[in-house]
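Take a look at the structure below.
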């Protein structure tokens with residue numbers, strides 16, 4: 002879209018479908034819509050078509066010994082019906098927030 006706005010004058014004068022018409026309010030928007038349609042069709046062809054081709058992400062939480070919380074996740078590849086062995090994780094310290102202690106009588 003930014004590229005279109007920057008080059009709109011060139012597109013309207015050279016690439017526009019309606020450039021030969023004397024009075025036109027298109028200003029190259031016909032070319033933009035044609036290119037967007039092409040890009041959408043290309044994206045639809047590349048997108049997974051069935052549920053088996055999509056990946057699911059499984060999240061789980063692990064309490065660590067350094068008083069932090071590790072958020073870990075694995076990719077579940079349904080096409081192979083097996084877990085990916087690569088484990089990705091990020092950690093942060095939970096000492097920032099401490100909930101109040103409950104005094105049970």
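Residue numbers (our numbering): 2 to 106.
Virtual Cβ for every residue (Gly too), placed ideally from N, Cα, C.
Bear in mind that the values here come from a model prediction, so they are computed numbers and not experimental data.
On a Cα-Cα basis, can you pick out the residue from the options that is closest to residue i?
{"i": "residue 1", "options": "44, 6, 105", "result": "Any property of residue 1 remains undetermined from this structure, which presents the chain solely from 2 to 106."}
{"i": "residue 26", "options": "37, 46, 10, 38", "result": "10"}
Do residue i and residue j have their C-beta atoms closer together than 8 Å?
{"i": "residue 13", "j": "residue 29", "result": "yes"}
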